[in-house]
């Protein structure tokens with residue numbers, strides 16, 4: 018990504034001018050939205066989704082990917098793909114292959130999509146065309162799907178391909194204070210499987226309701242949104258990715274007073290983050306939580322958000 022001086026800035030990045038753009042999911046209206054990073058030029062680019070939640074953008078290929086939660090007890094979640102302008106829409110993970118897909122992450126280098134399956138109690142991945150679906154973690158402990166125990170629900174996902182790790186959240190029951198943030202190796206240990214793998218680390222437990230994740234791989238920092246009760250809930254949090262798990266310091270709270278916080282996206286070169294909540298707001302702030310701004314409000318129930326920089330002239 019390339020730093021923007023303003024939402025309308027255009028400049029050369031590796032010899033080509035780019036412009037920043039946000040993609041946001043509106044679960045209540047079942048739509049995919051596109052807008053400038055200052056909240057202007059809001060466009061509806063996809064309609065008739067099925068409670069969209071997680072979004073990832075592949076600028077190079079010109080694709081948007083998003084998850085549809087569907088109805089949790091019907092095993093009818095799906096993952097779709099479209100062009101940046103919403104055209105050429107295609108289902109790549111059909112209904113029946115994942116219960117309630119939530120946050121979605123793109124590992125472009127290795128050609129993989131990662132997502133958490135809430136009522137399916139799984140962390141999953143597939144190729145970018147939807148082939149080769151795999152379960153990396155199964156937290157069900159033999160429970161039937163859809164899972165009745167919210168402490169086993171997997172929600173947020175982030176991937177560190179360079180070090181071979183992925184991170185995920187298990188949010189727990191509403192206002193329960195039983196949320197956890199975990200890490201495991203991308204490769205399941207030899208002789209083990211998704212249900213019995215022994216390399217799972219619990220980085221934080223007793224969290225309000227951790228939701229979506231983002232990683233700052235350069236500075237080795239983990240960011241996440243958290244629902245639940247104040248003062249620790251409805252916040253954006255940050256912590257080191259590399260601290261000793263036995264003496265892990267408490268997360269740093271960067272942003273407070275969200276109304277059921279969900280999505281988070283980071284503009285690393287620009288040093289800012291974007292956040293959504295179920296009250297329909299889109300916020301921005303510096304990565305230390307300063308310079309808070311409300312970009313949009315009362316936009317329905319907003320879930321996933323992605324920030325990308327797009328070559329000038331490319332349709333969106």
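In the numbering used here, the protein residues as written are 18 to 333. Think of the CB as a built atom: it goes at the ideal place given N, C-alpha and C, for glycine as much as any other residue.
- Secondary structure of residue 186 (DSSP, three-state): strand.
- For residue 43 and residue 293, the gap between their C-alpha atoms comes out near 10 Å.
- One thing to note: residue 108 has its Cβ no nearer than 8 Å to the Cβ of residue 134.
- By the neighbour-count criterion, in which a residue is buried when 16 or more other Cβ atoms sit within 10 angstroms of its Cβ, residue 267 is exposed.
- In terms of Cβ geometry, residue 184 and residue 230 form a close pair [threshold 8 Å].
- Assigned with DSSP and collapsed to three states, residue 260 falls in coil, not helix or strand.
- Residue 264 has its alpha-carbon roughly 16 Å from the corresponding atom of residue 255.
- Leaving aside the five residues that flank residue 169 on each side, the residues in its chain whose CB is nearer than 6 Å to its CB run, in chain order, 138 and 156.
- With 16 or more other CB atoms across the displayed protein chains lying within 10 angstroms of its CB, residue 250 is buried.
- Beta-carbon to beta-carbon, residue 244 and residue 204 are separated by about 31 Å, too far to satisfy the 8 Å threshold.
- Closest option to residue 269, judged by alpha-carbon separation, among 33, 282, 240 and 295: 240.
- Annotated three-state conformation of residue 152 is strand, per DSSP.
- Just measuring C-alpha positions, the residue of 136, 171, 105 and 70 sitting nearest residue 90 is 136.
- Residue 102 and residue 62 have their C-alpha atoms some 6 Å from each other.
- Secondary structure note for residue 43: its beta strand (DSSP E) is the uninterrupted segment 33–43.
- One thing to note: residue 121 has its Cβ no nearer than 8 Å to the Cβ of residue 145.
- The three-state secondary structure of residue 118, taken from DSSP, is strand.
- Straight through space, the alpha carbons of residue 325 and residue 104 are spaced by roughly 18 Å.
- Judged by DSSP secondary structure, residue 69 falls within the beta strand (DSSP E) whose first and last residues are 69–75.
- By the CB criterion at 8 Å, residue 84 and residue 328 fall outside the cutoff.
- Each of 220, 191, 80 and 177 was checked against the Cα of residue 202, and the nearest Cα belongs to 177.
- Cβ contact annotation for residue 317 (same chain, cutoff 6 Å, sequence separation greater than five): 43, 45, 46 and 297, in chain order.
- Excluding sequence positions up to five before and after residue 182, its CB lies within less than 8 Å of the CB of 176, 200, 201, 202 and 203, all in the same chain and listed in chain order.
- Residue pairing by DSSP places residue 163 opposite no residue, since no beta bridge is assigned to it.
- Between residue 227 and residue 188, the C-beta gap is smaller than 8 Å, which places the two residues in contact.
- In the structure shown, residue 169 adopts helical secondary structure according to DSSP, grouped into three states.
- Apart from sequence neighbours up to five positions away, the residues of its chain that approach residue 283 with a beta-carbon distance below 6 Å are 231 and 290, ordered along the chain.
- Cβ neighbours of residue 219 within its own chain (closer than 6 Å, five residues either side excluded): 197 and 199.
- Between residue 113 and residue 167, the alpha-carbon positions lie close to 21 Å from each other.
- Close CB contacts of residue 221 within its chain, under the 6 Å cut and outside five residues either way in sequence, are with 198 (chain order).
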